[in-house]
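Scroll down for the structure; my scribbles are underneath it.
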């Protein structure tokens, strides 16, 4: 079997590279060992956001005294809705592959000693190869996954029913989203985070506001918590060492969200002289090209950030370059967290730029100062924008209603090298949550408007 382009992995990065290559006239095949759509569509992004959006709708109803209905979640029906959504999206993707005459080959693809892709008994030759094999949850000795009551995030989230008490190890993006979901479903939720801050590495004010909101909702959070599982026969019991004490924490279910590793083992990368870094990620340049000029790598297998946002764009960049159109990755990749209060960020924090010796300031607008926030009854949160002395935007960090959408506008501004002066000229429709951007620009130059 001969193809211009072979893609190993049918997740979002692999799909993007395959479709873009086909659009540019290439004969393309995708090799997928599971189902088209990968982790994002089938187990992670789409399922989690479907569930979280549902519970947030109920939460908003409950805190609206003018709505008299006694709203509750039927988890069985919600799961059916989630599964229908996944199936619909997957079918749309399959139809798109058919439309572009892309061949889907079921099985596990590896590179043989001749530099060809081997799928079972099939041998596939190519002009260009795209590796899009994704990543898998890490299992550590202190938190051994057992497939029963100690689970990875995506297995736990796709259970048909949930027990009463859940302990989440790790307070990063996945941990915060799952805590939001499980608590809104009425479960007892505890987060054990090793670092001094929830959402390690994020803007400290964002992390603090997130912690406050989760705790107000009844989530118990331990920081600087060195923990390990000591028993999982019935309940899951943790030994937890804190800076000034030790405790035992237990739950019916433990969800381990402490990281992921690239699915690059046993691919036969050495047969193509494709280099990896110390953590096992494939080394790529800004064009998604590896150390072998015929081979590209996209998504989680190609390193941080491990996000579908990056994977999709990197897939398009790879497809462009394979098709002869020079394309590079954007400088700025926005990050979104679908917590009870949404979070969006792009670029650097003020602490980051200060460490680099850059003279900068931070402009902050509280969401309670934006009229639209009052009309949707969600006034908590803020937008912070980091700006240098020339008015260049270095970073934006938001928590609050609409943050996952609004941050894309900030990413667009930063990628386009817009200054605060140019943002100030833009008219934002009223009343909208996006006016928070307009207010940030207003304050940078002239002071408060609202």
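In UniProt numbering, the protein residues as written are 1 to 450.
Note that CB positions come from ideal geometry on N, CA and C, so glycine has one too.
As the structure is a prediction and not an experimental result, all values here were calculated from the model.
Legend entry - Contact between the stretch 325-332 and the stretch 354-362 (3+ Cβ pairs under 8 Å): no
Legend entry - Start-to-end residues for the alpha helix (DSSP H) that takes in residue 424: 420-424
Inset, instruction - Assign residue 242 to one of three DSSP states: helix, strand, or coil. - result: coil
Legend entry - residue 428 (DSSP reduced to helix, strand or coil): coil
Inset, instruction - Could you tell me which of 242, 225 and 249 sits nearest to residue 236, measuring between CA atoms? - result: 249
Legend entry - Closest by C-alpha distance to residue 463, when choosing among 193, 167 and 410: As displayed, the chain neither begins before 1 nor continues past 450, which places residue 463 out of reach and without an answer.
Inset, instruction - Please state if the CB of residue 315 and the CB of residue 14 are separated by a distance shorter than 8 Å. - result: yes
Legend entry - Under 8 Å between C-beta atoms of residue 301 and residue 89: no
Inset, instruction - Can you grab the Cα-Cα spacing for the pair residue 188 / residue 164, in whole Å? - result: 6 Å
Legend entry - Environment of residue 326 [buried if 16+ CB atoms lie within 10 Å]: exposed
Legend entry - Separation of residue 147 from residue 435, as counted between CA atoms: 46 Å
Inset, instruction - Drop a sphere of 10 angstroms on the beta-carbon of residue 180, count the other beta-carbons inside from all chains shown, and report buried for 16 or more, exposed for fewer. - result: buried
Legend entry - Supposed contact pair residue 107 and residue 38 - C-beta distance, whole angstroms, cut 8 Å: Not quite, the Cβ-Cβ distance comes to about 15 Å (not below 8 Å), so this is no contact.
Legend entry - Outcome for residue 70 when other beta-carbon atoms lying within 10 angstroms are tallied against a minimum of 16: exposed
Inset, instruction - Could you tell me which of 174, 411, 123 and 84 sits nearest to residue 340, measuring between CA atoms? - result: 174
Legend entry - Three-way DSSP call (helix, strand, coil) for residue 80 in this model: helix
Legend entry - Top-ranked residue by Cα proximity to residue 351, from 373, 365, 394 and 381: 394
Inset, instruction - Could you tell me if residue 281 is buried or exposed, where buried requires 16 or more neighbouring beta carbons within 10 angstroms of its beta carbon? - result: buried
Inset, instruction - On the DSSP bridge assignment, give the partners of residue 388 in chain order. - result: 360
Inset, instruction - Grab me the residues of residue 381's own chain with a C-beta within less than 6 Å of its C-beta, minus the 5 sequence neighbours each way, in chain order. - result: 341, 367, 399 and 400
Inset, instruction - Can you say whether residue 430 is buried or exposed, counting buried as having 16 or more other CB atoms within 10 angstroms of its CB? - result: exposed
Legend entry - Identity of the residue in 160, 7 and 119 nearest residue 47 by Cα: 160
Inset, instruction - Would you mind working out which of 11, 4 and 1 sits nearest residue 307, comparing C-alpha positions? - result: 11
Legend entry - Outcome for residue 494 when other beta-carbon atoms lying within 10 angstroms are tallied against a minimum of 16: In the structure displayed, the chain extends from 1 to 450; residue 494 sits before or after that span and is not available.
Inset, instruction - Over the uninterrupted alpha helix (DSSP H) stretch that includes residue 408, give me the two end residues. - result: 403-415
Inset, instruction - For the beta strand (DSSP E) holding residue 347, just list the boundary residues, first then last. - result: 343-347
Inset, instruction - Assess, as a yes-or-no matter, whether the stretch 21-29 is touched by the stretch 1-11 under the definition of 3 or more beta carbon pairs within less than 8 Å. - result: yes
Legend entry - Whole-Å CB distance - residue 229 paired with residue 144, under 8 Å assumed: 7 Å
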